[in-house]
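To start, the structure itself, in structure tokens.
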Amino acid sequence: MQYIDARTPAWWLAGLAAVVLLAGGALILLHGFDGLYGQDPFAYFAYAMGPVRESLLAARPPPPFFWPPGYPLPVALLSFITGPTPLAGQLISLAAGALIPVFTFLLCRELRPQDGAVAPLVAGLLAAFTGQLWQSSTVVMSDTTALACATAGAWSLARYGRSLRLRWLLLAAAALAWATITRWIYGLVAVPCTAYALLVLWHSGGRKAAGHAAAAALVTGLILGPVLLAMVASRSDAAAFGGNFQVYSWHPARFFGRAFMTADGLLRHELPNVLYYGLAPARWAYFTPLLAPLILPGIAAVVRRRDAAALLILLGWAGIVFAFHIGAPYQNFRFTLAFLPPLAVLAGIGTAWVARVAGARRSRRTAIAACLLLAGGLGLMAAAGTHATRVLIGRKDDSVAAVRWVESRLPPDARIATFGLALTFRHYASADTYELYELDPAALTELLEDPRPLFLFVDTAGLHGQWRDLAPGTNYRWLERGPGLTAAGDRGAYTLFRVGCLPPPPLRLRQSSDQAGRCSG
Numbered sequence: 001m002q003y004i005d006a007r008t009p010a011w012w013l014a015g016l017a018a019v020v021l022l023a024g025g026a027l028i029l030l031h032g033f034d035g036l037y038g039q040d041p042f043a044y045f046a047y048a049m050g051p052v053r054e055s056l057l058a059a060r061p062p063p064p065f066f067w068p069p070g071y072p073l074p075v076a077l078l079s080f081i082t083g084p085t086p087l088a089g090q091l092i093s094l095a096a097g098a099l100i101p102v103f104t105f106l107l108c109r110e111l112r113p114q115d116g117a118v119a120p121l122v123a124g125l126l127a128a129f130t131g132q133l134w135q136s137s138t139v140v141m142s143d144t145t146a147l148a149c150a151t152a153g154a155w156s157l158a159r160y161g162r163s164l165r166l167r168w169l170l171l172a173a174a175a176l177a178w179a180t181i182t183r184w185i186y187g188l189v190a191v192p193c194t195a196y197a198l199l200v201l202w203h204s205g206g207r208k209a210a211g212h213a214a215a216a217a218l219v220t221g222l223i224l225g226p227v228l229l230a231m232v233a234s235r236s237d238a239a240a241f242g243g244n245f246q247v248y249s250w251h252p253a254r255f256f257g258r259a260f261m262t263a264d265g266l267l268r269h270e271l272p273n274v275l276y277y278g279l280a281p282a283r284w285a286y287f288t289p290l291l292a293p294l295i296l297p298g299i300a301a302v303v304r305r306r307d308a309a310a311l312l313i314l315l316g317w318a319g320i321v322f323a324f325h326i327g328a329p330y331q332n333f334r335f336t337l338a339f340l341p342p343l344a345v346l347a348g349i350g351t352a353w354v355a356r357v358a359g360a361r362r363s364r365r366t367a368i369a370a371c372l373l374l375a376g377g378l379g380l381m382a383a384a385g386t387h388a389t390r391v392l393i394g395r396k397d398d399s400v401a402a403v404r405w406v407e408s409r410l411p412p413d414a415r416i417a418t419f420g421l422a423l424t425f426r427h428y429a430s431a432d433t434y435e436l437y438e439l440d441p442a443a444l445t446e447l448l449e450d451p452r453p454l455f456l457f458v459d460t461a462g463l464h465g466q467w468r469d470l471a472p473g474t475n476y477r478w479l480e481r482g483p484g485l486t487a488a489g490d491r492g493a494y495t496l497f498r499v500g501c502l503p504p505p506p507l508r509l510r511q512s513s514d515q516a517g518r519c520s521g
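If you read the sequence shown in this note's numbering, its first letter stands for residue 1, the second for the next number, and so on.
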């Protein structure tokens with residue numbers, strides 16, 4: 001018990017945080033990366049810098065958004081210091097990413113004091129060197145903020161289970177609630193954590209336990225309540241902050257499936273869901289095939305000891321996230337970040353078991369081999385993390401280059417419709433930009449009535465495949481068959497088209513020939 005209360009050397013924790021800070025910061029600075037790519041980061045950035053900043057200045061709740069507000073709120077607050085730039089979002093992501101290995105270390109130390117310094121140190125190192133964490137710490141996204149809060153909540157809950165001090169339960173409730181209103185999946189993580197808290201309260205009994213439960217419920221309600229009320233009160237088709245609930249669905253039949261029809265069209269995956277997510281820890285940008293097997297003896301050690309805290313917090317967390325993702329239709333390696341801390345702790349526990357076996361045999365060669373294996377694995381993780389982040393930055397740079405390429409071919413007053421790159425155009429280009437996903441024939445007809453030239457920049461293969469029967473595909477075919485499309489150049493998978501004109505309606509036959517022929521030139 002004395003080890004639990006012993007202070008961890010500050011430089012250990014600082015070193016774990018420094019790994020992520022230095023790696024993420026170096027990648028940002030060396031590549032001039034602003035953290036914006038694809039679609040989601042642009043949406044987070046626009047919401048934080050616009051509606052959220054305005055609501056803070058006016059002292060009113062933030063307006064509805066597709067995702068919950070747990071990440072945009074601190075980004076908007078920080079932007080009053082940094083200015084309304086993507087740097088505010090990157091700093092929040094980077095700071096949260098640096099805290100994840102620190103809280104992972106503390107969680108492991110709290111749950112497994114009998115493993116000494118080996119298990120928590122290895123757990124912290126594995127979290128710190130995970131490539132996906134490096135990548136997620138450089139972008140304007142909510143992943144690391146939510147995960148840092150969830151890990152802090154799990155650690156605080158483990159401390160409460162030992163000490164029964166109210167402050168740790170309140171911190172756990174606040175951290176897990178904030179994680180939930182940052183990314184909804186952490187509401188699932190709160191389920192096994194709540195089960196453990198109730199178990200501790202049940203065994204402690206008495207009025208004190210009832211008071212602690214009421215206080216924790218109050219803290220949770222104060223954080224979750226406003227967001228849930230906004231969702232219920234929303235009068236729009238898409239519930240405020242609850243867009244994920246309309247996009248995602250879960251079914252056990254998907255465990256072994258590879259092709260799913262979704263809001264994003266028909267998705268075909270190479271591996272069944274259960275294998276994609278089950279093998280994820282062995283990927284090079286995670287624990288690598290060298291270190292991922294350490295999870296197995298860690299699981300065995302936790303099951304053998306039958307400690308409720310470790311069973312519910314570690315296996316419950318990892319298990320419920322895994323079960324959700326294998327029943328959902330999407331495969332995204334970024335999603336595996338949600339069970340990084342418990343898997344890192346289990347691998348740390350497995351390493352401690354290997355160390356005990358080597359110590360019992362007094363085999364110096366085994367100990368040296370284990371240290372070399374760990375060092376080699378961490379080195380490979382660092383290399384994979386650097387590569388994965390550079391690939392992401394390269395795709396972002398290519399998207400910006402595509403925008404510049406299109407701009408150089410547009411007349412001064414031209415407009416552009418595109419799919420997948422609309423937010424990139426809006427941020428880096430000056431032309432009026434329309435998202436093909438958000439349009440329909442009526443909106444397209446209205447666009448064509450404007451005399452300014454209209455161009456289309458799309459990946460035609462995707463529109464004929466994944467998106468064929470959804471808005472992007474149907475809108476593309478409507479334009480192709482109606483006003484007509486004239487190719488104006490290709491860049492990679494994308495083609496730039498000049499959109500023709502609808503024939504003038506009969507009542508407008510007497511309009512000037514100038515307007516009737518506005519698509520010429």
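Even glycine gets a Cβ: it sits at the ideal position worked out from N, Cα and C.
Assigned secondary structure, I185 (DSSP; H/G/I helix, E/B strand, else coil): Residue state, collapsed to three classes: coil.
Spatially closest choice to G242 from T460, P64 and T445, by CA coordinates: P64
contact_flag[the segment 250–260, the segment 337–355] where n(CB pairs < 8 Å) is 3 or more: no
Cβ contact check for the segment 404–421 and the segment 453–464: 3 or more pairs under 8 Å: yes
Straight-line gap, L315 to L22 (C-alpha atoms, nearest Å): 31 Å
At least three beta-carbon pairs within less than 8 Å, the segment 118–128 to the segment 341–351: yes
Contact between the segment 257–272 and the segment 458–476 (3+ Cβ pairs under 8 Å): yes
Pair within 9 Å by beta-carbon distance, A154 and P281: no
Every unbroken beta strand (DSSP E) within the segment 380–440, with a cutoff of 3 residues, ordered by chain: 415–418 and 432–435
9 Å Cβ cutoff met for I100 and T138: no
D469, enclosing alpha helix (DSSP H) - first and last residue: Unbroken run through D469: none, as it is neither H nor E.
Local Cβ density within 10 Å of Q135, reported as buried at 16 or more and exposed below that: Residue burial is scored here from C-beta neighbours: Q135 has at least 16 other C-beta atoms within 10 angstroms and is therefore classed as buried.
CA nearest to the CA of S142, picked from V189, E110 and P41: P41
Segment limits, beta strand (DSSP E) that includes V321: Here V321 belongs to no beta strand (DSSP E); instead the alpha helix (DSSP H) covers W317 to G327.
Reduced DSSP secondary structure (H/G/I, E/B, other) of V499: strand
Beta-carbon separation (whole angstroms), P192 vs W317, contact threshold 8 Å: 6 Å
Three-state secondary structure (DSSP) of M141: coil
First and last residue of the uninterrupted beta strand (DSSP E) at T288: First-last for T288: T288 to L291, but that is the alpha helix (DSSP H), not the beta strand (DSSP E).
Proximity of L290 and L199 at Cβ, strictly below 9 Å: no
Beta-bridge pairing of R558 - partner residues as DSSP gives them: Nothing can be reported for residue 558, as the shown portion of the chain is limited to 1 through 521.
Proximal residues to V303 (C-beta, below 8 Å), its chain only, five neighbours per side dropped: L311 and L315
Distance between beta carbons of L94 and G24, contact taken as under 8 Å: 5 Å
Secondary structure of D537, DSSP reduced to three states: Nothing about residue 537 can be reported from this structure: the residues present for the chain run from 1 to 521 only.
At least 3 beta-carbon pairs within less than 8 Å: the segment 8–23 vs the segment 74–87: no
Where the beta strand (DSSP E) through V458 begins and ends: L454 to D459
Nearest candidate by alpha-carbon position, reference A259, set G131, L340 and Y330: Y330
Inter-residue Cα distance where the pair is T522 and T336: Here the chain comprises residues numbered 1 to 521, so residue 522 is not present and cannot be evaluated.
Beta-carbon gap between V406 and L496 smaller than 9 Å: yes
Closest Cα partner of G189 within the set H325, A88, L439 and E446: Looking at the sequence itself, residue 189 is Val, so the reference to Gly does not match. Residue H325 is the option with its Cα nearest to V189.
Touching by the beta-carbon criterion (3+ pairs, under 8 Å), the segment 47–54 and the segment 95–114: no
Residue range of the beta strand (DSSP E) that includes L16: Looking at the DSSP string, L16 is not in any beta strand (DSSP E); the run it does join, the alpha helix (DSSP H), is A10 to H31.
Sub-9 Å separation of L423 and Q114 beta-carbons: no
CB contact flag (L27, R390, <9 Å): yes
Through-space distance from G420 to Y434, alpha-carbon basis: 11 Å
Extent of the continuous alpha helix (DSSP H) to which G131 belongs: G131 to S136
Cross-strand partners of T486 (DSSP beta bridge): Note: T486 sits in a beta bridge opposite R498.
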